[in-house]
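Those sequence lines, one after another, are chains Z and G.
For the first sequence, our numbering assigns the number 219 to the initial residue and increments by one for each residue that follows.
For the second sequence, our numbering assigns the number 632 to the initial residue and increments by one for each residue that follows.
Cβ coordinates follow ideal geometry from the N, Cα and C atoms, glycine included.
A short write-up of the structure that comes next.
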Amino acid sequence: MAEPILSLRSINKSFGPVHVLRDVHLDVYPGQVTALVGDNGAGKSTLIKCIAGIYTPDSGDYIFDGKSVTVHGPRDATALGIEVVYQDLALCDNLDIVHNMFLGREQKKGFTLDESAMEVMARKTLDGLSVRTVKSIRQTVSSLSGGQRQTVAIARAVLWNNKVVILDEPTAALGVSQTEQVLHLVRRLADNGIGVILISHNLNDVFEVADNIAALYLGQMAAQVQKSEVSSNQVIELITTGKSAGVTPVGAN
Amino acid sequence: MSSDTEVQLHPLKGASHDYWARIKSGDIGALPAVLGLVVLCIVFGAMQSSFLTPGNFANLLTQAAAVIVIAMGLVFVLLLGEIDLSAGYSSGVCGAVLVILVTNHSFPWWVAFPISIIVGLALGLFIGWLVSFLGIPSFVVTLATFLAFQGLLLLLAGEGGTIRMEDPTVLSIENSNMKPLISWAFYVVCAALYIFSGLRRVYARRKVGLKTELMQLWILKTVGLLGLTGAAVYALNLERSNNPDVVSLKGIPYVVPVILLLLVVGTFVLNRTAFGRHLYAVGGNAEAARRSGINVKWVRICAFMICSVLSAVAGMIFASRQNSISPTTGGSSTLLYAVGAAVIGGTSLFGGKGRMRDAILGGLVVAVIDNGMGLLGYAAGIKYIVTGLVLLVSASVDAISRKGSGS
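What follows is the structure, given as structure tokens:
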């Protein structure tokens, strides 16, 4: 298997007396979807925020592209090429798709915005992800469906040749066909060589699209395993009890 | 050549189809203001023959000017979903600074005016800082500054209460006109620049293979706009003096190019710069803007500063129109007329939607009501009630269209 693009080793994070993450290991491989599963309060969000630089881990190693790095803020993570698509999407309804994709990173020609260049680049990115559902990229986001919004948010994350894209429950609010579209999109992200971390409560989604599954249980990484090596029931056991017969916990070796 | 093969409508029909779809989905744009303007002009014109005369038309423009400029500033603040209730008195204070420097201290206007602009900048910085860094709702902050600036103006105006403005340049803004020939030359230059910039945009997009607006539609719009403004220039170039032998009154009032300049600069800032884009973003979803790395606090402060600077420009227009500054300059209904102008023009009170031209269209509607009802001899009380109702109607249209597009 290829070298991981992102590795976390023995990450610890406490908030006062609450020890949220305990010696967590995580590997994210380029071109693969790593599903991060776990019950509410298992520490998924905290782990993601540590990766994204919103929290700084108390201890542990953050290895990106083979090099040990320290991430002190969201800007550091962005500079490395890590992009998070949050559950509430963070899109501006009153702006069109191109504006949203370039929000805060507008292309300029001198003083003025270079609308043509941005539109061409946005079109290319959407085409690269085989997005066919959006009629005009000059329509405002308020006119889009939930799935289309998710598509725009994800497209924004890949616009800048990011190496790792973190998706926080991208299908939580979607209907059946839209969920299908977004999962296809997630798969294509990985096929384009990006390391994808997918947070999901929905094991159907996880098994449909993930390459490997990392299960958090009470702040500890119960296991990170190849999808082919586990069954749905074993994953549920990992989520609810932290162990499962036949699955070796990570860090054991 | 269109590569679309799906719909075989006549291209113009397709465009009007799209337009109706947009209106039905709640994106009504300038439609209510334009319709309102046409209806009001027809009604007042039918009821009072002196309404549709060149003299009254010029009068209307100079009447509306200060409110339009304040409304332009308010658009920046309203875009963020904030409000500046003290914009009217900001213009009074800045106007007073200008007049005091020119009249009492014999400063030339071109020194006094920048100073009054800097005073406006400071007032806006103060308001913006309170809103942005202390997190006080702008409604409360500007309610407080509304009272405070009124007091400041009272102190500046002093015991006498009124300070005369005697600088001929400042007075000419509202009281003099361009010569008819120069008016036409001005029109031709503006029209040429408008056509040039429109065509340049179309060809820039074509060059990189992007879809462009339908050429026929663009021509139609341009011809319509230039025809309408050409007619206005023609009307303004007619003699409107009662006694042409004694004094001749012809041409575009100087305040019109001032407003046009503000329109062009403001529109450029809003549509073509990153700062303008960030204003819309903060108004649409402040949290999304923050996460995208936009300095939301800075954008807020800038919006309030721009608003107060435009108020300072309006202060100069007031000084020019009233030939003086008094403790009521920028007071009474000024601010409400300005907010009404912006909202009637199509700027949303909820933030994220608004354009510079809204201030002009809405300002004209407000001025037409004020002027027309005045000519018909209605009491000031009735004028206020009607203007208030029009503001309520436009705010309802804003709220309802927002519901429509939100679902």
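My output table needs one value for residue i: the three-state DSSP class, helix, strand or coil.
i        : result
F233(Z)  : strand
D332(Z)  : coil
T684(G)  : coil
G364(Z)  : helix
E637(G)  : Note that E637(G) scores a pLDDT of 43, beneath 50, so its modelled location is shaky and nothing firm can be said.
P663(G)  : helix
T318(Z)  : The sequence given here places Asn at residue 318(Z); Thr does not occur at that position. Helix at N318(Z).
L765(G)  : coil
G469(Z)  : Its pLDDT being 46, under 50, G469(Z) is placed unreliably in this model, and the value from its coordinates should be taken loosely. Three-state DSSP puts G469(Z) in coil, outside helix and strand.
T358(Z)  : strand
R227(Z)  : strand
D241(Z)  : strand
I714(G)  : coil
S955(G)  : strand
T458(Z)  : helix
Q399(Z)  : helix
I883(G)  : coil
T343(Z)  : helix
Y1009(G) : coil
Y865(G)  : helix
V750(G)  : helix
D247(Z)  : At residue 247(Z) the sequence reads Tyr, which differs from the Asp that was named. It is coil, neither helix nor strand.
V889(G)  : helix
G983(G)  : coil
I925(G)  : coil
Q325(Z)  : coil
T904(G)  : strand
V382(Z)  : strand
I412(Z)  : coil
A696(G)  : helix
S1002(G) : Per the sequence presented here, residue 1002(G) reads as Asn, with Ser not at that position. Looking at N1002(G) - three-state DSSP - the assignment turns out to be helix.
Q679(G)  : coil
V878(G)  : coil
Here's a check: name, in chain order, each residue in its chain whose Cβ is nearer than 7 Å to the Cβ of residue i, leaving out the five neighbours to either side.
i       : result
G861(G) : Y818
F764(G) : K928
I883(G) : N808, M809, S814, F817, V864, L867
E797(G) : T734
Take residue i and list the residues in its own chain whose beta-carbon comes closer than 6 Å to its own, dropping the five residues that flank it on each side.
i        : result
L787(G)  : A727
L683(G)  : G676
T793(G)  : S955, S957
L998(G)  : For the sequence presented, residue 998(G) should be read as Ala rather than Leu. L691, Q694, A695.
P275(Z)  : I229, K231, C268
V1003(G) : Note that residue 1003(G) is Gly in the sequence shown, not Val. Cβ neighbours of G1003(G) beyond the five flanking positions: F675, F682.
Please list, in chain order, all residues of the same chain as residue i whose beta carbon is under 8 Å from its beta carbon, the five residues on each side excluded.
i       : result
I372(Z) : V303, L347, V383, L385, P388, V400, L403, V404, L407
G742(G) : Reading off the sequence, residue 742(G) comes out as Val, not Gly. Excluding residues within five positions, the ones whose Cβ falls inside 8 Å are L732.
R356(Z) : D314, I315, V316, E337
I925(G) : H909, A912, V913
R931(G) : L711, E713, G759, V762, S763, V913
R921(G) : V927
V878(G) : S872
I454(Z) : L421
Along chain A, which residues have their Cβ under 9 Å away from the Cβ of residue i?
i       : result
H317(Z) : No chain A is present in this structure, whose protein chains are Z and G.
Check your understanding: In chain order, what residues of the stretch 920-932 of chain G put their CB closer than 8 Å to some CB of chain Z?
Key -> A920, R922, S923, G924, I925
Review point. Which residues, taken in chain order from the stretch 971-984 of chain G, show a beta carbon closer than 9 Å to some beta carbon of chain Z?
Key: S979, G982, G983, K984
Practice item. Output, in sequence order along the chain, the residues in the stretch 320-342 of chain Z whose CB is closer than 7 Å to any CB in chain G. Key: L321, G322, E324, K326, F329, T330, L331, S334, E337, V338
Check your understanding: Would you call the stretch 972-991 of chain G and the stretch 697-717 of chain G in contact, with 3 or more CB pairs under 8 Å?
Key -> yes
Review point. Which residues, in order along the stretch 367-390 of chain Z, keep a beta-carbon less than 7 Å from a beta-carbon of chain G?
Key: none
Point to revise | Cβ pair count under 8 Å reaching 3, the stretch 451-461 of chain Z against the stretch 251-267 of chain Z | key: yes
**Study point:** Sufficient close CB pairs (3 or more, under 8 Å) joining the stretch 949-961 of chain G to the stretch 704-723 of chain G
**Key:** yes
Practice item. Check whether the stretch 231-246 of chain Z touches the stretch 393-411 of chain Z, taking contact to mean three or more Cβ pairs, one atom from each stretch, closer than 8 Å. Key: no
Practice item. Identify each residue in the stretch 821-846 of chain G for which the Cβ-Cβ distance to at least one residue of chain Z is less than 7 Å, and report them in chain order. Key: A835, R836, V839, L841
Point to revise | Contact set between the stretch 878-911 of chain G and chain Z, restricted to residues whose Cβ is under 7 Å from the partner | key: R903, T904, A905, R908, Y911
Check your understanding: Taking the runs of the beta strand (DSSP E) that are 3 residues or longer, which of them lie wholly in the stretch 778-830 of chain G?
Key -> none
Check your understanding: Is the stretch 931-946 of chain G touching the stretch 739-753 of chain G, taking contact as three or more C-beta pairs under 8 Å?
Key -> yes
Review point. Of all the residues that make up the stretch 264-277 of chain Z, which are near chain G by a beta-carbon distance shorter than 7 Å?
Key: none
Exercise for review: Please name the residues in the stretch 698-713 of chain G whose beta-carbon is closer than 9 Å to at least one beta-carbon of chain Z, in chain order.
Suggested key: none
Exercise for review: Please list the residues of the stretch 301-315 of chain Z that have a C-beta atom closer than 7 Å to any C-beta atom in chain G, keeping them in chain order.
Suggested key: A308, L309, C310, D311, N312, L313
Check your understanding: Can you list the alpha helix (DSSP H) stretches of 4 or more residues lying completely in the stretch 251-319 of chain Z, in chain order?
Key -> 262-270, 292-298, 315-319
Point to revise | Cβ contact (3+ pairs, closer than 8 Å) linking the stretch 416-425 of chain Z and the stretch 316-336 of chain Z | key: no
Point to revise | the stretch 321-334 of chain Z / the stretch 905-923 of chain G touching (three or more Cβ pairs under 8 Å) | key: yes
Point to revise | Any 3 or more C-beta pairs closer than 8 Å across the stretch 430-450 of chain Z and the stretch 245-253 of chain Z | key: yes
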